[in-house]
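**Student:** Starting off with a structure, shown below.
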Amino acid sequence: MLRWEAGPKPFDGIWAPWWYKSVHKSTGFSPAKKYPTPFPTSLYDMLEQSLPFYNMLKRHARRSSSNYLNSTLPHPSLPVPANEKLLAWVGDEIVPRETAKVSVFDSIVQGGDGVWEGLRVYGGKVFKLEEHLDRMFDSAKALAFSNVPTREEVKEAIFRTLLRNGMFDNAHIRLTLTRGKKVTSGMSPSFNRYGCTLIVLAEWKPPVYDNEKGLMLVTATTRRNSPNNLDSKIHHNNLLNNILAKIEGNNAGADDAIMLDKDGYVSETNATNIFLVKKGRVVTPHADYCLPGITRATVMELVLKESLALEERRISLSEFHTADEVWTTGTMGELSPVVKIDGRIVGDGRVGPITLRLQNAYKNLSKDSGVPIPTYEKS
42 MLRWEAGPKP FDGIWAPWWY KSVHKSTGFS PAKKYPTPFP TSLYDMLEQS LPFYNMLKRH
102 ARRSSSNYLN STLPHPSLPV PANEKLLAWV GDEIVPRETA KVSVFDSIVQ GGDGVWEGLR
162 VYGGKVFKLE EHLDRMFDSA KALAFSNVPT REEVKEAIFR TLLRNGMFDN AHIRLTLTRG
222 KKVTSGMSPS FNRYGCTLIV LAEWKPPVYD NEKGLMLVTA TTRRNSPNNL DSKIHHNNLL
282 NNILAKIEGN NAGADDAIML DKDGYVSETN ATNIFLVKKG RVVTPHADYC LPGITRATVM
342 ELVLKESLAL EERRISLSEF HTADEVWTTG TMGELSPVVK IDGRIVGDGR VGPITLRLQN
402 AYKNLSKDSG VPIPTYEKS
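Here is the structure:
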């Protein structure tokens, strides 16, 4: 049988590509394949080494292209432009922002299976570092993580990331520990045989709320998870419950949304713990449904140091509507006053005196305490 091997070949001439694509394929010299040839496994190592350089060149080509490769999405601007050139810790190395990625086989991708912490850097020190690490390791133990990095290894990853970025103040750290990569896709932790994945994302980030003007909150219809379903004491990455409430807040034009427990009592907001003041007494919801935040605990200590009455109990929504002062607490925003809830003005609509007093106390504490960022001979 007459046979002409598929081409084109170097000596076939300029018409060869057309001939092989049309005439040759139609003559039956070589039957068209249903599927393209799979990537040769012998070249896999070469592909793994060359892809980072290819992707880097591709990004440069995109930036220089006038139409950004005909993309329909505008190139987003960052809230803090300096973060465009940051370095992050992923796994066991520091990499540029553009290449800071985890495997598609990682549990954080497959099922949100990870734990996290948010920390702040003030004046060359990491505030409440030990407390955050305590909670992270407790959460990892509760989820039965195996091959967890040591406390000192996590600290070194944090410090080296800060040093490489030159971040010594006004920075926020998103610390994540996943169950790690799986050998195959699936839910079972028995597939996780590579050890945990550690991620240190440090950004230049001032407090995310306006702590002088104050916040506006609305009440979400989404209820806070019950400990019967998912214990809030585990600081896990499965945040859909909170995100659904945040969507409600966004749609209402509010800064955040208050979340109620199954019985209709206030638990927290989608992102923070919450306090009220009534007749000089500071009151906060018990932590049965909400995460007992580290900033929350810090503020509760400051309340007592300021010789103020403190109460932790169930609180109805109407008590927040009629409170003299309200504020939220969290690492991202610190201590943030609330001036309106569900369209109702809180107090006289301004930051209250007890709120201001505790804001100052918190500012002084964060300035004076924390774990200093060490230097390394080879950072």
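In this text, residue positions in the sequence shown follow the numbering used here: the first is 42, and each later residue adds one. For glycine and all other residues, C-beta sits at the position ideal for the given N, C-alpha and C.
In whole angstroms, what separates the C-alpha of Lys-346 from that of Val-323?
**Tutor:** Roughly 13 Å between the two C-alpha positions.
**Student:** Return the first residue and the last residue of the alpha helix (DSSP H) that Glu-342 is part of.
**Tutor:** Counting along the chain, the alpha helix (DSSP H) containing Glu-342 begins and ends at 335 to 346.
**Student:** Measuring alpha carbon to alpha carbon, tell me which residue in Gly-155, Met-228 and Tyr-85 is nearest Thr-219.
**Tutor:** It is Gly-155.
**Student:** Which residues bound the alpha helix (DSSP H) around Leu-406?
**Tutor:** Looking at the DSSP string, the run of the alpha helix (DSSP H) that includes Leu-406 is 394 to 409.
**Student:** To the nearest angstrom, how far is the alpha carbon of Gly-152 from that of Asn-233?
**Tutor:** Gly-152 and Asn-233: Cα-Cα distance of roughly 12 Å.
**Student:** Among Leu-203, Gly-164 and Leu-239, whose alpha-carbon lies nearest the alpha-carbon of Asn-188?
**Tutor:** Answer by Cα proximity: Leu-239.
**Student:** Taking DSSP as the reference, what is the three-state secondary structure of Ser-273?
**Tutor:** Looking at Ser-273 - three-state DSSP - the assignment turns out to be coil, as it is neither helix nor strand.
**Student:** Here's the rule I'm using: 16 or more other beta-carbon atoms within 10 Å means buried, otherwise exposed. How should Ser-118 be labelled?
**Tutor:** Answer is exposed; the Cβ neighbour count stays below 16.
**Student:** Go ahead and label Ser-407 buried or exposed: buried means 16 or more other beta carbons lie within 10 angstroms of its beta carbon, across all protein chains shown.
**Tutor:** Classification of Ser-407: buried, given that the 10 Å Cβ count is 16 or more.
**Student:** Does the distance from the C-beta atom of Pro-378 to that of Gly-255 stay below 8 Å?
**Tutor:** Their beta carbons are under 8 Å apart, which means Pro-378 touches Gly-255 by this criterion.
**Student:** Could you give the uninterrupted runs of the beta strand (DSSP E) lying entirely in the stretch 208 to 234, keeping only those of 3 residues or more?
**Tutor:** Taking only runs of at least 3 residues, the beta strand (DSSP E) segments lying wholly in the stretch 208 to 234 are 212 to 219.
**Student:** Applying the criterion that 16 or more other CB atoms from any shown protein chain within 10 Å of the CB defines a buried residue, is Glu-366 buried or exposed?
**Tutor:** Label assigned to Glu-366: buried.
**Student:** Could you tell me how far apart the beta carbons of Lys-319 and Ala-364 are, in whole angstroms, since I believe they sit closer than 8 Å?
**Tutor:** The Cβ separation is near 5 Å, so the contact holds.
**Student:** Spatial neighbours of Pro-413 within its chain, please: CB distance less than 7 Å, with the 5 preceding and 5 following residues excluded, ordered by chain position.
**Tutor:** Around Pro-413: Gly-165 and Lys-166.
**Student:** With 16 as the cutoff for other CB atoms within 10 Å, does Tyr-109 come out buried or exposed?
**Tutor:** For Tyr-109, the predicted model reports a pLDDT of 49, less than 50, meaning its position is unreliable; a value from the coordinates is still stated below. Exposed, because fewer than 16 other Cβ atoms sit within 10 Å of the Cβ of Tyr-109.
**Student:** Can a CB atom of chain D be found closer than 8 Å to the CB of Arg-138?
**Tutor:** Protein chain content of the structure displayed is limited to a single chain, and chain D is not contained in it.
**Student:** Looking only at C-alpha atoms, which of Glu-134, Pro-247, Thr-82 and Leu-88 sits nearest to Pro-120?
**Tutor:** Here the closest residue by C-alpha is Pro-247.
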